[in-house]
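Student:
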Amino acid sequence: MLFNSIDFAIFLPTVFVLYWFVFQKNLRLQNFLIVASSYLFYGWWDWKFLTLILFSTIIDYSIGLRLGNEENHFKRKALLWTSIIVNLGFLGFFKYFNFFIDNFISAFSFFGVELEVGLLNIILPVGISFYTFQTLSYSIDVYRKKMQPTNDFFAFSAFVCFFPQLVAGPIERATHLLPQFKNKRNFDYGKAVDGLRQILWGLFKKIVIADNCAELANQIFNNSADYSGSTLVLGALFFTFQIYGDFSGYSDIAIGVSRLLGFDLMRNFAFPYFSRDIAEFWRRWHISLSTWFRDYLYIPLGGSQGGLALKVRNTFIIFLVSGFWHGANWTFIFWGLLNAIYFLPLLLGNKNRRNIESIAINGYFPSLREFVSMFATFWLTVFAWIFFRADDLSHAFSYISQILSTSLFEIPKFPGMSQAILTILMIGIFIVIEWLGRRGQYAISQIGIIKSRPLRWFCYYLMILVILWLGGKEQEFIYFQF
Amino acid sequence: MKSFIIKTLAFTIILLSLLILKYKFTPYYRGDSVFAIKHEHFFQSKAKYNTVFFGSSRVYRHVDVGLFDEVMNDYKLNTFNFAAPATFNPEIYFLYSNFLNEIDSGQIKFAFIEMQELNIISNENVHTTKASYWNNYESLNFALNYLSNSNFQHVNKLGMYKVFLSSFVYKFYDFDIVSSNLKSRNKTLYKKIGLDGFYPLDQELQDNPNDRSIKERWSKFEADTTVIKNRIAEVKTIESKFSDTKLNDYHLFYIKNLIGKSFQKGVHLIFVLPPRLTESQYTSLIPLSKSIPVNHKIELYSYAKHPELYQAKNSFDVGHLNSNGAMIFTQKLSKEFAMVLDRISQ
Numbered sequence: 001m002l003f004n005s006i007d008f009a010i011f012l013p014t015v016f017v018l019y020w021f022v023f024q025k026n027l028r029l030q031n032f033l034i035v036a037s038s039y040l041f042y043g044w045w046d047w048k049f050l051t052l053i054l055f056s057t058i059i060d061y062s063i064g065l066r067l068g069n070e071e072n073h074f075k076r077k078a079l080l081w082t083s084i085i086v087n088l089g090f091l092g093f094f095k096y097f098n099f100f101i102d103n104f105i106s107a108f109s110f111f112g113v114e115l116e117v118g119l120l121n122i123i124l125p126v127g128i129s130f131y132t133f134q135t136l137s138y139s140i141d142v143y144r145k146k147m148q149p150t151n152d153f154f155a156f157s158a159f160v161c162f163f164p165q166l167v168a169g170p171i172e173r174a175t176h177l178l179p180q181f182k183n184k185r186n187f188d189y190g191k192a193v194d195g196l197r198q199i200l201w202g203l204f205k206k207i208v209i210a211d212n213c214a215e216l217a218n219q220i221f222n223n224s225a226d227y228s229g230s231t232l233v234l235g236a237l238f239f240t241f242q243i244y245g246d247f248s249g250y251s252d253i254a255i256g257v258s259r260l261l262g263f264d265l266m267r268n269f270a271f272p273y274f275s276r277d278i279a280e281f282w283r284r285w286h287i288s289l290s291t292w293f294r295d296y297l298y299i300p301l302g303g304s305q306g307g308l309a310l311k312v313r314n315t316f317i318i319f320l321v322s323g324f325w326h327g328a329n330w331t332f333i334f335w336g337l338l339n340a341i342y343f344l345p346l347l348l349g350n351k352n353r354r355n356i357e358s359i360a361i362n363g364y365f366p367s368l369r370e371f372v373s374m375f376a377t378f379w380l381t382v383f384a385w386i387f388f389r390a391d392d393l394s395h396a397f398s399y400i401s402q403i404l405s406t407s408l409f410e411i412p413k414f415p416g417m418s419q420a421i422l423t424i425l426m427i428g429i430f431i432v433i434e435w436l437g438r439r440g441q442y443a444i445s446q447i448g449i450i451k452s453r454p455l456r457w458f459c460y461y462l463m464i465l466v467i468l469w470l471g472g473k474e475q476e477f478i479y480f481q482f
Numbered sequence: 001m002k003s004f005i006i007k008t009l010a011f012t013i014i015l016l017s018l019l020i021l022k023y024k025f026t027p028y029y030r031g032d033s034v035f036a037i038k039h040e041h042f043f044q045s046k047a048k049y050n051t052v053f054f055g056s057s058r059v060y061r062h063v064d065v066g067l068f069d070e071v072m073n074d075y076k077l078n079t080f081n082f083a084a085p086a087t088f089n090p091e092i093y094f095l096y097s098n099f100l101n102e103i104d105s106g107q108i109k110f111a112f113i114e115m116q117e118l119n120i121i122s123n124e125n126v127h128t129t130k131a132s133y134w135n136n137y138e139s140l141n142f143a144l145n146y147l148s149n150s151n152f153q154h155v156n157k158l159g160m161y162k163v164f165l166s167s168f169v170y171k172f173y174d175f176d177i178v179s180s181n182l183k184s185r186n187k188t189l190y191k192k193i194g195l196d197g198f199y200p201l202d203q204e205l206q207d208n209p210n211d212r213s214i215k216e217r218w219s220k221f222e223a224d225t226t227v228i229k230n231r232i233a234e235v236k237t238i239e240s241k242f243s244d245t246k247l248n249d250y251h252l253f254y255i256k257n258l259i260g261k262s263f264q265k266g267v268h269l270i271f272v273l274p275p276r277l278t279e280s281q282y283t284s285l286i287p288l289s290k291s292i293p294v295n296h297k298i299e300l301y302s303y304a305k306h307p308e309l310y311q312a313k314n315s316f317d318v319g320h321l322n323s324n325g326a327m328i329f330t331q332k333l334s335k336e337f338a339m340v341l342d343r344i345s346q
């Protein structure tokens, strides 16, 4: 079920009441409730997906226990590789099988050999990219002896399938999340209220910003040949905010829901569009994934130690794999490649750790230098997002070549212009709110310190009304004929 | 925890109150732009009309009110066609009930409602203004009671309960009603209000030759007019076996109640069972019609009695008549109505 659905609006309060009023006294039962409700949440899409997540849970739980009892180095390694192969095998099959077959056929076709290999009608299980990485972090950390394996199956199952972050992250580490399932949770008023506030902000980003931008971005990208370069720039901008609103909005809702239940999840987005360079962008965008790749792929490969060739190789591997993780299409790989090209000069020049603190830390406005850096970084990411959104590489290149034509200087014009103007206005307001709240965990966290309750509630009601009024597309009634 | 629950509940109650408040500033017919235009026209000249029709496109496109008044000249009727496309039950009952509350006693002498079964909201339409604005407590109550008295299988009923409940909840947070109330359908509709709400499909196509949706409907039917034979077969089948079908007692109870409420306002309410419905629709409607008092119904569905209403030459598409068909339908309606009036006067 989706976070912004009536089903979830009924589901969450029900789970909340059962969690804190019925099962509060028994930790095991509380964890069992998490598992049951998470399976219900996940199975709402398709109950058949549950067998996969259950199998993955059992495999990694068992492997964890075996690792805990095994001292032989080779056997430990074998167990770890079993976990990796099973988890990545599932991921590879469901997400990438058709991609590989397609490219296999194309490769042979290039040499004049026509293959008749059938594609499978594979449904991609929701969230598989997230929970496989999460369970892998457990196996790897147990192997590395960073943590002891757990013999509490319900706690482990709850860690794997925890519904707030199951389908869209943040990708949690076992060392961070699993202990929270093993310790008693006490209701914290401040945490719960902050959680609700973060949910509200997440819904605002998702429904008001992302959904409105999506409609416009889709219209422009799907008909890109018909529009001027300036309109295509608008399309790229709309997608830039669509993906941010959607992804970070979901993360905010996930973190907020978790706080309602007494859990702390890791931060996943830290105002990435205010970054002053690409390295800073990647420290602020999808933090859980980039740190996962850093800790479980980049560092084992040698990281930035070693010679120039090794640094370059590792950087490209990380970004290409990261791109590929996002989807089975060459566009995602190219997007990753582009980011590697952006990042490499900073790494090689040892400038990738320059901008650590928040922008304009001592003032309201950025300095001229900060503004120019932010502006340049923003447009580099917008350019890269074109590849992320395009249907295929040729679509991306034709999109870009059309931008770089004389029509770039025409006034943008397409059927949704009035909606576009309203959306741009909303984005402007959104950027201001994000800027003002950039020192907090999320943009409106500071509302909590307003002393006046009527004023706080006024802010919340205003946001809710904006969400209801301006959120997404007016649904068209479909008239059935008799 | 107690403080959290109390404050959250208080916040939610205030929020719901704010959401309900929006209905105070938007009229009851907010969700249907065609009805909204007709409502505005009617009440600008309300003294003029004494008879009204409510229903879906089968009334909107079929009842030529000018011709109706002409045929019923002796009774000095001045009729307005309130029907609108895709207006089904319980929406029709909602609109009519609110209309009854608005008019003065004795202002309207006769009201006609197209007889319809309960329209199950499709999943695609559940979160639309059109499918939810009418879903107040009375409408929801009607839908749920109708379903519990119906022949649907229990498994299917659960899904149907859910869509009506979802639509009811959606009404609270639907803000599209505010913007939809500001929209009009198209400018030609304003022109056609001069025909007192009647607008046949072929006329609309003539006025809007570039309207793809209407053009496609006509083209599809023109390419294969034999589809009407299916409707003929369906109505013949049900005519022969309707006695085996179950009456929805609740629907009959509701209709009788509505007849009573109308009488209190001086309105004689008549239900019209139209032609060209499907077999499943007639399965529930014919037993209902047979149970409605004879002076409160007009049946025009029978192929044996009204074959002209099933002829391709009188049709626009499988479900609708063209102008010629509408003329025939109106004449037949008038004739049946005249018989009702004769019976009343005796």
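In order, the protein sequences belong to chains V and R. Just so we're aligned: 218 in the numbering used here is position 218 of the first sequence, and the numbers increase by one with no gaps anywhere. Just so we're aligned: 221 in the numbering used here is position 221 of the second sequence, and the numbers increase by one with no gaps anywhere. Glycine is no exception: its CB is placed at the ideal position from the N, C-alpha and C atoms. Given the structure is predicted, the values throughout are model-derived calculations rather than measurements.
Nearest by alpha-carbon distance to Gly245 (chain V): which of V:Leu203, V:Ala340 and V:Ser228 is it?
Tutor: Locating residue 245 (chain V) in the first sequence gives position 245, counting from the first residue. It is V:Leu203 whose Cα lies nearest to the Cα of Gly245 (chain V).
Student: Can you round the beta-carbon distance between Trp45 (chain V) and Val126 (chain V) to whole angstroms, since I take them to be within the 8 Å contact cut?
Tutor: By one-based count along the first sequence, residue 45 (chain V) stands at place 45. By one-based count along the first sequence, residue 126 (chain V) stands at place 126. Yes, they are in contact, since the Cβ atoms of Trp45 (chain V) and Val126 (chain V) sit about 5 Å apart, within 8 Å.
Student: Nearest-angstrom Cα distance between Arg439 (chain V) and Ser452 (chain V)?
Tutor: Position 439 of the first sequence, counting from 1, holds the residue named residue 439 (chain V). Position 452 of the first sequence, counting from 1, holds the residue named residue 452 (chain V). Whole-angstrom Cα-Cα distance: 22 Å.
Student: Find out if the Cβ-Cβ distance for the pair Gly68 (chain V), Pro149 (chain V) is shorter than 7 Å.
Tutor: Here residue 68 (chain V) corresponds to residue number 68 of the first sequence, with the count starting at 1. Here residue 149 (chain V) corresponds to residue number 149 of the first sequence, with the count starting at 1. At a Cβ-Cβ threshold of 7 Å, Gly68 (chain V) and Pro149 (chain V) count as neighbours.
Student: Using the beta-carbon of each residue, which ones in chain R are nearer than 7 Å to Ala192 (chain V)?
Tutor: Residue mapping note: residue 192 (chain V) aligns to position 192 of the first sequence, counting from 1. Here the neighbours are Phe4.
Student: Does DSSP classify Asp249 (chain R) as helix, strand or coil?
Tutor: Within the second sequence, the letter at position 249 stands for residue 249 (chain R). Three-state result, Asp249 (chain R): helix.
Student: Please classify Asp141 (chain V): does DSSP put it in a helix, a strand, or coil?
Tutor: Translated into the one-based positions of the first sequence, residue 141 (chain V) becomes position 141. If DSSP states are grouped into helix, strand and coil, Asp141 (chain V) belongs with the helices.
Student: What's the C-alpha gap between Tyr310 (chain R) and Ile113 (chain R)?
Tutor: The sequence position of residue 310 (chain R) within the second sequence is 310, counting from 1. The sequence position of residue 113 (chain R) within the second sequence is 113, counting from 1. So the alpha carbons of these two residues sit roughly 21 Å apart.
Student: What do you reckon, is the C-beta of Gln203 (chain R) under 6 Å from a heavy atom of the ligand MN?
Tutor: As far as ligands go, the structure on display features none, and thus does not contain the ligand MN.
Student: DSSP three-state label for Lys297 (chain R), please.
Tutor: For the purposes of this step, residue 297 (chain R) is identified with residue 297 of the second sequence, where counting begins at 1. It is a strand residue.
Student: For Ala86 (chain R) and Phe324 (chain V), I'd like the C-alpha separation in whole angstroms.
Tutor: Here the question's residue 86 (chain R) lines up with position 86 in the second sequence. Here the question's residue 324 (chain V) lines up with position 324 in the first sequence. The alpha-carbon of Ala86 (chain R) is positioned some 47 Å away from that of Phe324 (chain V).
Student: May I ask you to report which of helix, strand or coil DSSP gives Ile356 (chain V)?
Tutor: Reading the first sequence from its first residue, position 356 is the one you call residue 356 (chain V). In the structure shown, Ile356 (chain V) sits in coil (DSSP, three-state: anything other than H, G, I, E or B).
Student: State yes or no: is the C-beta of Asn295 (chain R) within less than 7 Å of the C-beta of Arg231 (chain R)?
Tutor: Here residue 295 (chain R) refers to the residue found at position 295 of the second sequence. Here residue 231 (chain R) refers to the residue found at position 231 of the second sequence. No, the Cβ-Cβ distance between Asn295 (chain R) and Arg231 (chain R) is not below 7 Å.
Student: Within the 7 Å Cβ cut-off, does Tyr389 (chain R) reach chain V?
Tutor: This structure gives no information on residue 389 (chain R), because the portion of chain R shown stretches from 1 to 346.
Student: With Ala10 (chain R) as the anchor, note down where its alpha helix (DSSP H) starts and where it stops.
Tutor: To locate residue 10 (chain R), count along the second sequence from 1; it is residue 10. Note, Ala10 (chain R): alpha helix (DSSP H), Lys2 to Leu21.
Student: What would DSSP say about His62 (chain R), mapped onto helix, strand or coil?
Tutor: Position 62 of the second sequence, counting from 1, holds the residue named residue 62 (chain R). His62 (chain R) falls in the coil class under three-state DSSP.
Student: In three-state DSSP terms, what is His268 (chain R)?
Tutor: Position 268 of the second sequence, counted from the first residue, corresponds to residue 268 (chain R). It is a strand residue.
Student: For chain R, is any of its Cβ atoms less than 7 Å away from the one on Ile429 (chain V)?
Tutor: Stepping through the first sequence from its first residue, residue 429 (chain V) is reached at position 429. Contact of Ile429 (chain V) with chain R is not assigned, every C-beta pair being separated by 7 Å or more.
Student: Residues of chain V with CB closer than 7 Å to the CB of Val169 (chain R), please, in chain order.
Tutor: For the purposes of this step, residue 169 (chain R) is identified with residue 169 of the second sequence, where counting begins at 1. Those are Ile6, listed as they occur along chain V.
Student: Could you work out which residues of chain V lie near Met160 (chain R), taking near to mean beta carbons separated by less than 7 Å?
Tutor: Mapped onto the second sequence, residue 160 (chain R) falls at position 160. Near Met160 (chain R) there are no residues of chain V at all, since even the closest Cβ is about 16 Å away, more than 7 Å.
Student: Measuring straight from C-alpha to C-alpha, what distance separates Gln346 (chain R) and Glu308 (chain R)?
Tutor: Locating residue 346 (chain R) in the second sequence gives position 346, counting from the first residue. Locating residue 308 (chain R) in the second sequence gives position 308, counting from the first residue. Going from the Cα of Gln346 (chain R) to the Cα of Glu308 (chain R) covers about 31 Å.
Student: Inspect the CB distances between the region 174 to 182 of chain V and the region 282 to 296 of chain V and report whether three or more fall short of 8 Å.
Tutor: no
Student: Using a threshold of 7 Å, state whether the C-beta atoms of Asn50 (chain R) and Asp196 (chain R) are closer than that.
Tutor: Numbered from 1 along the second sequence, position 50 holds the residue referred to as residue 50 (chain R). Numbered from 1 along the second sequence, position 196 holds the residue referred to as residue 196 (chain R). No, Cβ-Cβ distance for Asn50 (chain R) and Asp196 (chain R) is not below 7 Å.
Student: 7 Å is my cut-off, CB to CB: does Leu12 (chain V) come that close to chain R?
Tutor: Counting from 1 along the first sequence, the entry for residue 12 (chain V) is found at position 12. Not one chain R Cβ lies under 7 Å of Leu12 (chain V).
Student: Mapping the DSSP letters down to three states, classify Glu102 (chain R) as helix, strand or coil.
Tutor: One-based indexing of the second sequence puts residue 102 (chain R) at position 102. Reduced to three states, the DSSP call for Glu102 (chain R) is helix.
Student: Is it true that the CB of Tyr28 (chain R) sits closer than 7 Å to the CB of Phe54 (chain R)?
Tutor: The residue labelled residue 54 (chain R) in the question sits at position 54 within the second sequence. The residue labelled residue 28 (chain R) in the question sits at position 28 within the second sequence. No, the Cβ-Cβ distance between Phe54 (chain R) and Tyr28 (chain R) is not below 7 Å.
Student: Using a cut-off of 9 Å between C-beta atoms, extract the partners of Leu462 (chain V) located in chain R.
Tutor: Position 462 of the first sequence holds residue 462 (chain V). Simply none; closest approach about 11 Å.
Student: Tell me, please, whether the CB atom of Met115 (chain R) is closer than 7 Å to any CB atom in chain V?
Tutor: Taking the second sequence and counting its residues from 1, the one referred to as residue 115 (chain R) is at position 115. Chain V contact via Cβ: absent.
Student: What separation, rounded to the nearest whole angstrom, lies between the Cα atoms of Tyr399 (chain V) and Ile14 (chain R)?
Tutor: Against the first sequence, residue 399 (chain V) aligns to sequence position 399. Against the second sequence, residue 14 (chain R) aligns to sequence position 14. Answer to the nearest angstrom: the Cα atoms are 48 Å apart.
Student: Quick check: what's the CA-CA separation for Ile128 (chain V) versus Phe94 (chain V)?
Tutor: Along the first sequence, read from residue 1 onward, the residue named residue 128 (chain V) stands at position 128. Along the first sequence, read from residue 1 onward, the residue named residue 94 (chain V) stands at position 94. The C-alpha of Ile128 (chain V) lies about 9 Å from the C-alpha of Phe94 (chain V).
Student: Kindly indicate which three-state DSSP category Phe162 (chain V) falls into: helix, strand or coil?
Tutor: Position 162 of the first sequence, counting from 1, holds the residue named residue 162 (chain V). It is coil, neither helix nor strand.
Student: Roughly how many angstroms lie between the CA atoms of Phe99 (chain R) and Val34 (chain R), to the nearest whole one?
Tutor: Residue numbering aside, residue 99 (chain R) sits at position 99 when the second sequence is read from its first letter. Residue numbering aside, residue 34 (chain R) sits at position 34 when the second sequence is read from its first letter. Approximately 15 Å, taken between the alpha carbons.
Student: Check whether the Cβ atoms of Glu299 (chain R) and Glu234 (chain R) lie closer than 7 Å to each other.
Tutor: Your numbering for residue 299 (chain R) matches position 299 in the second sequence. Your numbering for residue 234 (chain R) matches position 234 in the second sequence. No, the pair does not count as a contact, with Cβ atoms beyond the cut-off.
Student: Go ahead and label Phe480 (chain V) buried or exposed: buried means 16 or more other beta carbons lie within 10 angstroms of its beta carbon, across all protein chains shown.
Tutor: In the first sequence, counting from the first residue as 1, residue 480 (chain V) sits at position 480. For Phe480 (chain V), the predicted model reports a pLDDT of 47, less than 50, meaning its position is unreliable; a value from the coordinates is still stated below. Exposed, because fewer than 16 other Cβ atoms sit within 10 Å of the Cβ of Phe480 (chain V).
Student: Taking just the CA atoms, how far does Tyr93 (chain R) sit from Ser334 (chain R)?
Tutor: Stepping through the second sequence from its first residue, residue 334 (chain R) is reached at position 334. Stepping through the second sequence from its first residue, residue 93 (chain R) is reached at position 93. The straight-line gap from Cα to Cα measures roughly 23 Å.
Student: Take Ser184 (chain R) and list the residues in its own chain whose beta-carbon comes closer than 7 Å to its own, dropping the five residues that flank it on each side.
Tutor: What you label residue 184 (chain R) is simply residue 184 of the second sequence in a count that begins at 1. Summary for Ser184 (chain R): the model assigns pLDDT 46, below 50, so the residue's position carries little reliability; its value from the coordinates is reported in the next sentence. Contacts found: Ser33 and Ile37.
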